[in-house]
Ligand SMILES: Nc1ncnc2c1ncn2[C@@H]1O[C@H](COP(=O)(O)OP(=O)(O)OP(=O)(O)O)[C@@H](O)[C@H]1O
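Numbering (the numbering used here), first residue to last: 2 to 297.
Have a look at this one:
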């Protein structure tokens, strides 16, 4: 995504009207409308946004990611679903250069994440699973810091920080230390940091976990518009309804392997995604409950 095309709705951060929910919703939708990237769209037929080839991670002599292949087309909204411990976070950590694979290759927009890390990392924004932030900074300082780390000039960073604070409904907490944020607010400020350099690809590990429904809807609107403008999003989630509603592609992962991948309609094959997931992955426990848990 071109930096110039990132939203620049020049709404002052201290505009009191932003404290009103309706005004906030209006501004958020204005920002959403603006996250349309004219430069990314024409390339959407070319190189995949993310190409994972024969990726393996061995921990303690156990392959927790066992030779996965995944091609994420540009302009797609891709869901990666799996049970706890399936290997989603490990895969996404390797895909974004945070964890060295035992074997395999990852290309981001054609750039090898290990051989051309600067080129590849410029193209991607990452929301990791467990977020370690400089939490003595305020939310505004943290987003600004992320923008400056990406080499953006001060004015651009200031505009984008303001836009992102509004979009994430964090203007009221902009001056508060991140250490004092709730889990959902921390997730949102981390998401803002992942987006500030207007990457071509967003890799988001459980982006809606702990986020309130209003903020989740606002973030979903932003991500949909980003994809409509040619950006690519990959999210991991356990929530099948969300993935079925939000994503156009999905991969089902279990025990370090991809069991099915493709468009959501292809993968669910006439069933709901949840039914398809359970039928592929199995693991439903048939029991009569825990006897000692019954009230006497
Ligand atoms: N650093 C590590 N050392 C050893 N084992 C690890 C390490 N990190 C992850 N694992 C193991 O790898 C497997 C996959 O973990 P991972 O976090 O990728 O799963 P996940 O699909 O993201 O799970 P969840 O949905 O619960 O977040 C698990 O069995 C986990 O215990």
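Ideal placement from N, C-alpha and C gives every residue a C-beta, glycine not left out.
Minimum C-alpha distance to residue i - residue among the options
i           : options            : result
residue 62  : 103, 269, 94       : 103
residue 50  : 68, 56, 60, 78     : 78
residue 245 : 270, 258, 227      : 270
residue 120 : 133, 129, 109, 128 : 109
residue 54  : 95, 204, 247       : 95
residue 80  : 215, 219, 204, 257 : 204
residue 64  : 47, 87, 144        : 87
residue 228 : 75, 106, 218, 48   : 75
residue 184 : 155, 167, 216      : 216
Close beta carbons around residue i, own chain, < 8 Å, minus the five adjacent residues each side
i           : result
residue 85  : 239
residue 253 : 82, 83, 259, 260, 261, 262, 268, 277, 278, 281, 282
residue 153 : 4, 161, 197, 198
residue 44  : Low confidence applies here, because residue 44 scores a pLDDT of 45, under 50, leaving its location unreliable; read the following figure in that light. Cβ within range, chain order: 75, 231.
residue 212 : 185, 188, 189, 220
residue 265 : 80, 244, 245, 248, 249, 250, 251, 274
residue 149 : 155, 158
residue 272 : 280
residue 118 : 98
Backbone CA spacing between residue i and residue j [nearest angstrom]
i           : j           : result
residue 111 : residue 180 : 37 Å
residue 261 : residue 176 : 45 Å
residue 70  : residue 295 : 46 Å
residue 250 : residue 73  : 8 Å
residue 284 : residue 230 : 39 Å
residue 293 : residue 188 : 37 Å
residue 164 : residue 58  : 38 Å
residue 214 : residue 225 : 16 Å
residue 97  : residue 151 : 16 Å
residue 171 : residue 129 : 20 Å
residue 13  : residue 159 : Annotation note: pLDDT 31 at residue 13 (below 50); position unreliable, no value reported.
residue 114 : residue 106 : 8 Å
residue 257 : residue 60  : 12 Å
residue 116 : residue 202 : 18 Å
residue 166 : residue 122 : 23 Å
residue 89  : residue 291 : 30 Å
residue 137 : residue 255 : 38 Å
residue 68  : residue 56  : 5 Å
residue 22  : residue 131 : Only weak support is given to the placement of residue 22: the predicted model assigns it a pLDDT of 45, under 50, and the value that follows is read from those uncertain coordinates. Roughly 30 Å separates the two Cα atoms.
residue 93  : residue 218 : 24 Å
C-beta neighbour in chain C for residue i, strict 7 Å
i          : result
residue 61 : The structure shown contains no chain C; it holds only a single protein chain.
Cβ shell of residue i (< 6 Å), same chain only, five flanking positions each side left out
i           : result
residue 275 : 241
residue 157 : none
residue 169 : 189, 193
residue 52  : 72, 108
residue 42  : Reliability of the predicted coordinates at residue 42 is poor, the pLDDT of 42 falling under 50, and the value obtained from them is presented with this limitation in mind. Closer than 6 Å at the Cβ level, and outside the excluded window around residue 42, lie 231.
Same chain, Cβ closer than 7 Å to residue i, neighbours up to 5 away in sequence not counted
i           : result
residue 200 : 2, 124, 125, 126
residue 174 : 140, 182, 186
residue 145 : 158, 162
residue 143 : 134, 135, 179, 190, 194
residue 147 : 194, 197
residue 91  : 58, 65, 66, 100
residue 48  : 110, 111
Residue i beta carbon near ligand 3 (any heavy atom closer than 6 Å)
i          : result
residue 60 : Because ligand 3 does not appear in the structure shown, any question about it cannot be addressed here, the ligands present being ligand 1.
Do the region 224-240 and the region 197-211 meet, that is, are 3 or more Cβ pairs less than 8 Å apart? At 8 Å Cβ cutoff, the stretches touch.
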